[in-house]
DNA sequence: ATTAAGAAAATGAACGTTCATTCATTTTTT
DNA sequence: AAAAAATGAATGAACGTTCATTTTCTTAAT
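Residue numbers (the numbering used here), protein chains in the order written: chain X, 1 to 194; chain U, 1001 to 1194.
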């Protein structure tokens, strides 16, 4: 354990440092030397774990994205009705984005800039399938609007990224009540009106 | 005219080049030398128009943001009812974001990263007031949900940024029909259900 | 109209700095 | 004592910015 453990520790420290520095300074102002310093590691050591800077950022992205989707679907099973299932997933996602906001902000940054390889972006998108499946079921049952998944995502999930950014910038926190209001807005935007 | 005209041309060319290069390569991979080359200008000339790289990006942001809001409210007057007014503004914004997508993508990038000064960000936000006023009216008349403006923006306006990004990435174009669907989702998310 | 002189604008080579990355050496682990 | 992991000084390329020089424009006297 010891040897491999130590390695994982360093790797994690490097990824954590990358997230923090890129969030606060941007990719352009995040030199490898600073990442090394914050992770308590020598600059050269980074290259034992990552090919180069691009690889470090790509892998950080993939890792964070995986944690995000893992969290989102952790307690999900397909037994509940569409509406309840969606609410469960939505609230898990909200939980993650607003609580683990460092992670979520990093993702938002990567998703809105060309700092990530297209391949890594594709890799990160994979794990969203359960939500797409749920939407397919919802459309079939006439509960969710029969519109493109991109539209459903844009209106029901993505707004959380904006709210997270506002929260980070304005040093203002969404109340429990506001999260409920946000959920209502999300559901209202995609549910099929009878 | 001649002398001052020429200056404006160079300035505009520099701003245009900045947008294009930052969009495609990211801020970190956009050296001043490339900006100069694309604008057909010597590197030194940039410093006649802008203090430094940060100033160039800040001013580009402010300029694009101003164009965006100017376009959004160009044909707006406060005579129509809340719903119609919102629809008009929304469609103008959609028009801008999906047609002038280079501009909109640049804004999205700036809004989701720390590359812009906080001061410039504040400067850019100013011109949104008419929309906030409309929402205030809508809340008062019981037409729009009595929730925070950030929530209204997150659900009714911001999704367009996501759709724009998808459009740019996936080389896929939103159809007229899908824009209508998007508008419905936007309105459904913020209108007060009787 | 032409031109000469002065001012303004533009140039691009040069500068100093910073950065990503390497590798000879040291430290730690097996 | 051999192997693996980590170090950090060294390297060379790239960058933002400067400034001595050149080019272009403006003015006004002829």
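Built from N, CA and C at the ideal position, the CB exists for glycine as well. These numbers come from a predicted model, not from an experiment.
Closer than 9 Å at the beta carbon, the chain X residues around residue i
| i | result |
| --- | --- |
| residue 1190 (chain U) | 185, 188 and 189 |
| residue 1129 (chain U) | Those within 9 Å of residue 1129 (chain U) in chain X number zero; the least Cβ separation is about 17 Å. |
| residue 1165 (chain U) | 111 and 112 |
Within chain X, partners of residue i - CB distance below 7 Å
| i | result |
| --- | --- |
| residue 1159 (chain U) | 154, 155, 158 and 159 |
Per-residue contacts from residue i into chain U (C-beta, under 7 Å)
| i | result |
| --- | --- |
| residue 181 (chain X) | 1147 and 1151 |
DSSP-derived helix/strand/coil call for residue i
| i | result |
| --- | --- |
| residue 147 (chain X) | coil |
| residue 1070 (chain U) | helix |
| residue 194 (chain X) | coil |
| residue 1175 (chain U) | coil |
| residue 1100 (chain U) | coil |
| residue 159 (chain X) | helix |
| residue 130 (chain X) | helix |
| residue 136 (chain X) | helix |
| residue 1011 (chain U) | helix |
| residue 110 (chain X) | helix |
| residue 1043 (chain U) | helix |
| residue 1030 (chain U) | coil |
| residue 1089 (chain U) | helix |
| residue 199 (chain X) | Residue 199 (chain X) cannot be examined here, being either before or after the span of chain X that is shown, 1 to 194. |
| residue 188 (chain X) | helix |
| residue 1196 (chain U) | No answer is possible for residue 1196 (chain U): the residues shown for chain U start at 1001 and end at 1194. |
| residue 50 (chain X) | coil |
| residue 117 (chain X) | coil |
| residue 17 (chain X) | helix |
| residue 1002 (chain U) | For residue 1002 (chain U), the predicted model reports a pLDDT of 36, less than 50, meaning its position is unreliable; a value from the coordinates is still stated below. Residue 1002 (chain U): helix per DSSP, three-state reduction. |
Residue i, buried or exposed, once every other Cβ within 10 Å from all chains shown has been counted against 16
| i | result |
| --- | --- |
| residue 120 (chain X) | buried |
| residue 96 (chain X) | buried |
| residue 169 (chain X) | exposed |
| residue 186 (chain X) | buried |
| residue 3 (chain X) | With a pLDDT of 42 at residue 3 (chain X), under the threshold of 50, the modelled position of this residue cannot be trusted, and the question is left open. |
| residue 1056 (chain U) | buried |
| residue 1138 (chain U) | buried |
| residue 1124 (chain U) | buried |
| residue 1040 (chain U) | exposed |
| residue 1070 (chain U) | exposed |
| residue 159 (chain X) | buried |
| residue 1172 (chain U) | exposed |
| residue 1188 (chain U) | buried |
| residue 1007 (chain U) | exposed |
| residue 1126 (chain U) | exposed |
| residue 1094 (chain U) | buried |
| residue 145 (chain X) | buried |
| residue 24 (chain X) | exposed |
| residue 1043 (chain U) | exposed |
| residue 1074 (chain U) | exposed |
| residue 110 (chain X) | buried |
| residue 136 (chain X) | exposed |
| residue 54 (chain X) | exposed |
| residue 196 (chain X) | Past the edges of chain X, shown from 1 to 194, lies residue 196 (chain X), and the structure says nothing about it. |
| residue 11 (chain X) | buried |
| residue 1031 (chain U) | exposed |
| residue 1084 (chain U) | exposed |
Neighbour list for residue i in chain U, Cβ cutoff strictly below 9 Å
| i | result |
| --- | --- |
| residue 122 (chain X) | Within chain U, no residue comes near residue 122 (chain X); the closest Cβ sits about 10 Å away, beyond 9 Å. |
Neighbour list for residue i in chain X, Cβ cutoff strictly below 8 Å
| i | result |
| --- | --- |
| residue 1026 (chain U) | 27, 28, 113, 114 and 115 |
| residue 1041 (chain U) | By Cβ distance, chain X contributes nothing, its closest Cβ being about 22 Å from residue 1041 (chain U), past 8 Å. |
Proximal chain U residues relative to residue i, where beta-carbon distance stays under 8 Å
| i | result |
| --- | --- |
| residue 178 (chain X) | 1147, 1148 and 1151 |
Taking any Cβ of chain U, which residues in the stretch 95-120 of chain X have a Cβ under 7 Å from it, in chain order?
-> For the stretch 95-120 of chain X, which is checked against every Cβ of chain U, the residues closer than 7 Å are 108, 109, 112, 113, 114 and 115.
Residues of the stretch 1044-1056 of chain U whose Cβ lies closer than 8 Å to any Cβ of chain X, in chain order | Within the stretch 1044-1056 of chain U, no residue qualifies.
Residues in the stretch 1059-1092 of chain U with C-beta within 9 Å of chain X's C-beta atoms, listed in sequence order?
-> Under the 9 Å Cβ criterion, the stretch 1059-1092 of chain U contributes no residue.
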